[in-house]
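Chains as they are written, first to last, in the working numbering: chain A, 3 to 286; chain B, 10 to 110.
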């Protein structure tokens with residue numbers, strides 16, 4: 003483009019564009035480059051027409067184009083990872099690491115951290131199976147009707163994801179409860195230990211409920227979060243017809259119908275596999 | 010439909026666009042915001058469908074021997090949001106003067 007112009011961009015700007023454009027996702031790179039060539043050209047052109055061209059303006063615009071490129075890159079990651087099981091597990095893992103670092107900061111050194119967490123961990127290890135048992139026993143039976151997606155590989159993938167998510171959530175509950183009770187551990191060790199186990203059970207119960215809920219609201223094939231919830235039917239016609247919420251897999255793998263109330267003719271959520279042609283419709 | 014709530018800087022940028030400052034550089038100049046704020050905010054506004062971007066006609070730009078620029082237009086939803094933002098931040102109306110054509 004710059005060959006047709008009365009004056010091309012300065013060498014610094016050209017090099018800057020060439021360097022920063024590597025951050026921009028491939029599909030948007032050409033348009034981004036075109037946009038910034040024009041912006042930089044007009045900035046220099048304006049300066050020649052009397053406005054003071056300062057180094058500050060060039061530096062500011064350089065920051066702007068870098069921020070713009072970074073925004074495009076992070077937005078492409080956001081679009082690619084939004085609702086994926088990878089993001090879910092990575093977020094939980096990130097939180098675990100964060101609370102481990104908080105525990106390290108509170109204890110002062112790895113040695114004291116190991117001593118402090120070692121005791122708490124043993125007690126929590128006894129409580130964890132009880133919490134898991136209670137959560138499984140009280141979890142809603144409104145799960146997917148068996149047989150709707152009977153491919154073993156998908157089933158295995160779902161169970162693996164569920165198990166890893168549950169383990170991470172229990173670890174997170176343990177770390178959080180240990181962090182909360184650490185400041186009172188030195189003056190009141192017995193109270194701190196009791197409070198830690200109490201907080202652990204409480205946090206584990208709440209977070210395991212979330213694990214069940216999250217698992218139910220994911221696609222049974224790709225494990226992405228289901229989207230576009232739509233209300234179907236009228237609650238006032240509950241005795242006459244089905245009413246509830248329908249959620250769709252963005253990849254078009256299927257549809258989940260969640261009844262508003264559990265009735266004798268519709269006790270549980272139902273997963274319906276969609277035919278391959280649906281994935282284009284769903285992505286629209 | 011409820012208009013989305015914007016940050017002060019996003020509201021200022023949207024206000025500038027609705028008053029006729031349609032290029033990124035113009036918005037920077039009139040609002041005094043740094044480019045690191047303006048350009049990502051323009052992307053967000055476009056993603057939220059409050060503004061849409063278009064390219065100047067190539068022929069027109071080629072005649073004046075300059076590159077065609079990307080410009081921004083406020084959508085109908087964007088206009089409603091700008092109005093709501095002006096009610097939320099009353100000083101916005103005084104911060105950006107209307108563009109003289």
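Yeah, the Cβ is synthetic: ideal placement off N, Cα and C, and Gly gets one too.
First and last residue of the alpha helix (DSSP H) that includes residue i?
i: residue 161 (chain A); result: 154-183
i: residue 87 (chain A); result: 87-109
i: residue 191 (chain A); result: 191-218
i: residue 65 (chain A); result: 57-83
i: residue 17 (chain A); result: 13-22
i: residue 41 (chain B); result: Counting along the chain, residue 41 (chain B) falls outside any alpha helix (DSSP H), and DSSP gives it neither H nor E.
i: residue 113 (chain A); result: 112-140
i: residue 107 (chain B); result: It is not in any alpha helix (DSSP H) - residue 107 (chain B) carries neither H nor E in the DSSP assignment.
i: residue 68 (chain B); result: 67-72
i: residue 242 (chain A); result: Careful: residue 242 (chain A) lies outside any alpha helix (DSSP H) and carries neither H nor E.
i: residue 22 (chain B); result: 17-27
Using a cut-off of 7 Å between C-beta atoms, extract the partners of residue i located in chain B.
i: residue 63 (chain A); result: 44
Please confirm if residue i has its CB atom under 8 Å from at least one CB of chain A.
i: residue 48 (chain B); result: yes
i: residue 52 (chain B); result: yes
i: residue 76 (chain B); result: yes
i: residue 26 (chain B); result: no
i: residue 23 (chain B); result: no
i: residue 97 (chain B); result: no
i: residue 92 (chain B); result: no
i: residue 106 (chain B); result: no
i: residue 101 (chain B); result: no
i: residue 20 (chain B); result: no
Using a Cβ-Cβ distance cut-off of 8 Å, determine whether residue i contacts chain B.
i: residue 168 (chain A); result: no
i: residue 157 (chain A); result: no
i: residue 19 (chain A); result: no
i: residue 40 (chain A); result: yes
i: residue 37 (chain A); result: yes
i: residue 5 (chain A); result: At residue 5 (chain A) the pLDDT is 44, less than 50, meaning the model places this residue with poor confidence and gives no usable figure here.
i: residue 47 (chain A); result: yes
From this set, the options, which residue's C-alpha is nearest residue i's C-alpha?
i: residue 78 (chain A); options: A:227, A:25, A:184; result: A:25
i: residue 203 (chain A); options: A:183, A:179, A:222; result: A:179
i: residue 181 (chain A); options: A:166, A:165, A:199, A:169; result: A:199
i: residue 139 (chain A); options: A:258, A:228, A:214; result: A:214
i: residue 276 (chain A); options: A:15, A:222, A:38; result: A:222
i: residue 89 (chain B); options: B:59, B:101, B:19, B:73; result: B:59
i: residue 273 (chain A); options: A:250, A:264, A:95, A:262; result: A:250
i: residue 89 (chain A); options: A:159, A:225, A:259; result: A:225
i: residue 77 (chain B); options: B:86, B:64, B:84, B:19; result: B:64
i: residue 106 (chain B); options: B:49, B:22, B:13, B:82; result: B:22
i: residue 18 (chain A); options: A:43, A:262, A:219, A:64; result: A:64
i: residue 44 (chain B); options: A:85, A:70, A:256; result: A:70
i: residue 121 (chain A); options: A:169, A:187, A:236; result: A:187
i: residue 244 (chain A); options: A:95, A:28, A:271, A:136; result: A:271
i: residue 269 (chain A); options: A:246, A:116, A:256, A:255; result: A:246
i: residue 16 (chain A); options: A:30, A:35, A:27, A:31; result: A:35
i: residue 183 (chain A); options: A:84, A:208, A:109; result: A:109
i: residue 227 (chain A); options: A:242, A:255, A:59, A:68; result: A:255
i: residue 235 (chain A); options: A:141, A:163, A:263; result: A:263
i: residue 252 (chain A); options: A:83, A:209, A:261; result: A:83
Where do the N-terminal and C-terminal ends of the beta strand (DSSP E) with residue i fall, by residue?
i: residue 63 (chain B); result: 60-64
i: residue 231 (chain A); result: 229-234
i: residue 273 (chain A); result: 272-275
i: residue 80 (chain B); result: 79-83
i: residue 259 (chain A); result: 256-261
i: residue 246 (chain A); result: 246-250
Residues of chain A with CB closer than 7 Å to the CB of residue i, please, in chain order.
i: residue 59 (chain B); result: Result: empty, since nearest Cβ-Cβ is about 16 Å, beyond 7 Å.
i: residue 33 (chain B); result: 41
Listing by chain order, which chain B residues have their CB less than 8 Å from the CB of residue i?
i: residue 43 (chain A); result: 75, 76
So with CB distances below 9 Å, who are the chain A contacts of residue i?
i: residue 79 (chain B); result: 33, 36, 37, 40, 41
I want to see whether chain C comes within less than 8 Å of residue i, judged by CB atoms only; does it?
i: residue 273 (chain A); result: The question asks about chain C, but that chain is absent: this structure's protein chains are A and B.
- [ ] Report the residues of the stretch 67-92 of chain A with a CB closer than 9 Å to any CB of chain B, ordered along the chain.
- [x] Taking 9 Å as the Cβ-Cβ cut-off, the stretch 67-92 of chain A approaches chain B at 67, 68, 69, 70, 72, 73, 74, 77, given in chain order.
TODO: Residues of the stretch 224-256 of chain A with a CB closer than 9 Å to any CB of chain B: list them in chain order, please.
DONE: Of all residues in the stretch 224-256 of chain A, none has a C-beta nearer than 9 Å to a C-beta of chain B.
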